[in-house]
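*Asks:* Below are the structure tokens for one structure; questions will follow.
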Amino acid sequence: MILQLVITMECDILVIGAGIFGLSSAFYLKTQNSGKRVVVIDRLGGPGQGNSAKSEGAFRNLFTSETNFLLADSTIDWFKHMEEDLGYHINLSYIGYLFLLSEEQYTGQRAAFDRIRGWGAEMRVLEREELEEMIPDLVTDFAEDEEAELLGLKPVDYGVLGRKCGSLDADALTRAYEEEFLKLGGEVSYGTEASRLILKPVEELEIPGEPFVWQDTHIAGAETSKGEIKAETTVIAAGAWSESLLDPIGFDSFMRPKKRQLFAFKDPRLDGLFKVEGLNDYGAMPLTVLPKASILFRPELSEGSIWLGCADNLGRRFKLEDDPKAEEDYYTNNVYHALVKYFPCFKDVRPMNMWADQYAINSFDEIPVVTSIPRMIYVGAGSGSGIMKCDAVARVAAALHGGEEEVELYGGRRFRVADLGIHKRRAERESLVI
Ligand SMILES: Cc1cc2nc3c(=O)[nH]c(=O)nc-3n(C[C@H](O)[C@H](O)[C@H](O)COP(=O)(O)OP(=O)(O)OC[C@H]3O[C@@H](n4cnc5c(N)ncnc54)[C@H](O)[C@@H]3O)c2cc1C
52 MILQLVITME
62 CDILVIGAGI
72 FGLSSAFYLK
82 TQNSGKRVVV
92 IDRLGGPGQG
102 NSAKSEGAFR
112 NLFTSETNFL
122 LADSTIDWFK
132 HMEEDLGYHI
142 NLSYIGYLFL
152 LSEEQYTGQR
162 AAFDRIRGWG
172 AEMRVLEREE
182 LEEMIPDLVT
192 DFAEDEEAEL
202 LGLKPVDYGV
212 LGRKCGSLDA
222 DALTRAYEEE
232 FLKLGGEVSY
242 GTEASRLILK
252 PVEELEIPGE
262 PFVWQDTHIA
272 GAETSKGEIK
282 AETTVIAAGA
292 WSESLLDPIG
302 FDSFMRPKKR
312 QLFAFKDPRL
322 DGLFKVEGLN
332 DYGAMPLTVL
342 PKASILFRPE
352 LSEGSIWLGC
362 ADNLGRRFKL
372 EDDPKAEEDY
382 YTNNVYHALV
392 KYFPCFKDVR
402 PMNMWADQYA
412 INSFDEIPVV
422 TSIPRMIYVG
432 AGSGSGIMKC
442 DAVARVAAAL
452 HGGEEEVELY
462 GGRRFRVADL
472 GIHKRRAERE
482 SLVI
């Protein structure tokens, strides 16, 4: 049911944010609480219009943290189930992830790659000669290139190719969760902005100034642009904007927002990137991560284009923005110079389209956070890879609501709910961050 107008409303579970975390959590919360009223609100006009639909839609199970591996690996299995068994067209393409590495980088990560293989991830290591043969557009060595030396570019000595990795349509995925949620009788209200969480004393005395410091408190819902919504449980899934709701009540969102940009190219000079044999079933480049500057690109097979991003860290400020814009000169004066050395086919090619939004980064361990205070659950800190972990994260959120210590991820593996929390968190820091 799509709610049009709210004046004052009561529900059992209020989810603030209709991104991938909000809608997937709402789906599992409603699945486990079928008789309860579960309402999702979003300030924007439809599902996934924050970060989710603007993401690169890439997924991988190559993570150095076992926690991240489990979250992503089980979620990727769920994606397959959604497409093959539930009939959703989420454009799942197993194009693979190819990390291009110098000898030094490969040696430094080798033990981590062995560990990942031990968890069951399928991986292939390619040497420089094989890469040169398979990818004619790739330059691997800059021995005679003074400019490349000036840029500090590393040679490509190895490629590590992840198989259970690829891309999907993140917008379609978010809509699929919404549809499943609505089918169960869940409710959504778009164009509804939460302005404030309602913090109440557990025992109300009806005295002005409550809650006082000596009173126990809980969250009782939210004030919104369409009136007050009272809820037994309020789930904060407002992505990079979560701090706007959580800071005023003094709750740490354990993430900070940072702009990330994507540039799309469609040009005959890039055709070679769609004619690469032996790396996947599509005869195209996998999602490819360069050895320097965290530059990555992937083919978008549905439109024959290349989507390119760059995870700039130091030098890119943390800042919450309502509608961040891509900066073309960030590509032309910056990313381009390193990119064109490794892939000269990009020479003089300009983006046909570009957009931006923000990662919600937990810089401590780069792993999502699912935690609670009385009558409130926070699901966030996707840290740039929330799409690929959404199903597992949502199951953890629903289990936390149900008071369970463990949850079964899709495919049957068990996961300790507190591992994504704060107080009893048990998660190894991720080092394969892009
Ligand atoms: C450029 C870019 C590329 C990315 N690429 C990938 C990728 O390839 N793979 C991957 O897995 N992840 C990727 N990510 C990360 C991924 O997009 C996020 O981890 C994921 O979308 C987070 O989902 P979310 O539900 O937490 O946030 P969002 O999708 O941002 O949802 C939060 C929602 O809350 C709503 N909201 C906020 N405040 C309020 C309020 N006060 N009241 C009501 N509603 C509110 C917003 O409108 C929004 O719809 C990328 C992100 C970016 C920016």
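To get this note's numbering, take the position in the sequence shown, counting from 1, and add 51. Glycine is no exception: its CB is placed at the ideal position from the N, C-alpha and C atoms.
#1: From the DSSP output, in three-state form, read off Arg166 for me.
#2: Quick one: what's got a C-beta closer than 6 Å to Ser497's C-beta in the same chain, skipping five residues either side?
#3: Using a Cβ-Cβ cutoff of less than 8 Å, which residues in the same chain neighbour Lys392 once the five nearest sequence positions on both sides are dropped?
#4: Measure how close the beta-carbons of Cys62 and Ile280 come, nearest whole angstrom, since I'm counting them as under 8 Å.
#5: By a C-beta neighbour count over all protein chains shown, 10 Å radius and 16 as the cutoff for buried, is Val421 buried or exposed?
#6: Evaluate contact between the stretch 121-130 and the stretch 362-374, counting only Cβ atoms and requiring at least three cross-stretch pairs below 8 Å.
#7: Taking Ala282 and Leu65 to be in contact with their CB atoms under 8 Å, please state how far apart those CB atoms are, rounded to whole angstroms.
#8: Once you ignore the five residues that flank Glu479 on each side, which residues in its own chain have a CB closer than 6 Å to its CB?
#9: For Pro402, does the three-state DSSP call read helix, strand or coil?
#10: Buried or exposed: which applies to Lys251, given that a residue is buried once 16 or more other Cβ atoms fall within 10 Å of its Cβ?
#11: Output yes or no for whether 9 Å exceeds the beta carbon distance between Leu330 and Cys216.
#12: Just tell me which of Lys81, Tyr148, Lys326 has its CA closest to the CA of Phe110.
#13: If I'm right that Met405 touches Glu379 with Cβ under 8 Å, what's the distance once you round it to whole angstroms?
#14: Residues in the same chain with beta-carbon distance under 6 Å from Ser434, minus the five sequence neighbours each way, listed in chain order, please.
#15: Is Leu250 near ligand 1, going by C-beta to nearest heavy atom under 8 Å?
#16: What number of angstroms, rounded off, separates the C-alpha of Tyr381 from the C-alpha of Phe150?
#17: So who's on the other strand from Lys251, going by DSSP bridges?
#18: To which residues does DSSP link Asp93 through a beta bridge?
#19: For chain B, check one thing: does any of its Cβ atoms lie closer than 9 Å to the Cβ of Leu149?
#20: Using a 10 Å radius around the Cβ and a threshold of 16 neighbouring Cβ atoms, would you call Phe348 buried or exposed?
#21: Considering only their Cβ atoms, is the gap separating Leu219 from Phe78 smaller than 9 Å?
#22: Specify the secondary structure class of Arg214 as computed by DSSP and reduced to three states.
#23: Is DSSP giving Met306 helix, strand or coil here?
#24: Helix or strand or just coil, what does DSSP make of Met336?
#25: With the cut-off set at 9 Å, would you say Val207 and Arg179 are in Cβ contact?
#26: Taking the alpha carbon of Asp353 as the point to measure from, which residue in Ser106, Ser423, Gly99, Leu143 has its own alpha carbon closest?
#27: Output needed for Phe232: all residues of its chain with C-beta closer than 8 Å, excluding positions within five of it in sequence on either side, in chain order.
#28: Do you know how far the Cα of Arg94 is from the Cα of Met336?
#29: Tell me which residue opens and which closes the alpha helix (DSSP H) that Asp442 is part of.
#30: Can we count Trp292 as close to ligand 1, meaning its CB is less than 8 Å from some heavy atom?
#31: Span of the alpha helix (DSSP H) holding Ser76?
#32: So for Gln160, helix, strand or coil by DSSP?
#33: Would you say the beta carbon of Glu417 is closer than 8 Å to some non-hydrogen atom of ligand 1?
#34: Measuring alpha carbon to alpha carbon, tell me which residue in Ile346, Arg320, Gly334 is nearest Arg311.
*Replies:* Concretely, from the data shown:
#1: Reduced to three states, the DSSP call for Arg166 is helix.
#2: Any question about residue 497 goes unanswered here, given that the chain covers just 52 to 485.
#3: Val190, Phe193, Asp196, Glu198, Ala199, Leu202, Leu204
#4: 7 Å
#5: buried
#6: no
#7: 4 Å
#8: Ser116
#9: Coil.
#10: buried
#11: no
#12: It is Tyr148.
#13: 6 Å
#14: Ile412, Asn413, Glu417
#15: no
#16: 23 Å
#17: His269
#18: Tyr241
#19: In the displayed structure, chain B is absent; only one protein chain is listed.
#20: buried
#21: For the 9 Å CB-CB criterion, Phe78 and Leu219 do not form a contact.
#22: If DSSP states are grouped into helix, strand and coil, Arg214 belongs with coil.
#23: coil
#24: coil
#25: yes
#26: Looking at the sequence provided, one finds Ser at residue 353 rather than Asp. That would be Leu143, whose Cα lies nearest to the Cα of Ser353.
#27: Excluding residues up to 5 positions away in sequence, Leu74, Ala77, Phe78, Lys81, Val89, Val91, Val239 lie with their Cβ nearer than 8 Å to the Cβ of Phe232 in the same chain.
#28: 37 Å
#29: Looking at the DSSP string, the run of the alpha helix (DSSP H) that includes Asp442 is 441-452.
#30: yes
#31: Looking at the DSSP string, the run of the alpha helix (DSSP H) that includes Ser76 is 71-83.
#32: helix
#33: No, the beta carbon of Glu417 sits no closer than 8 Å to any heavy atom of ligand 1.
#34: Ile346
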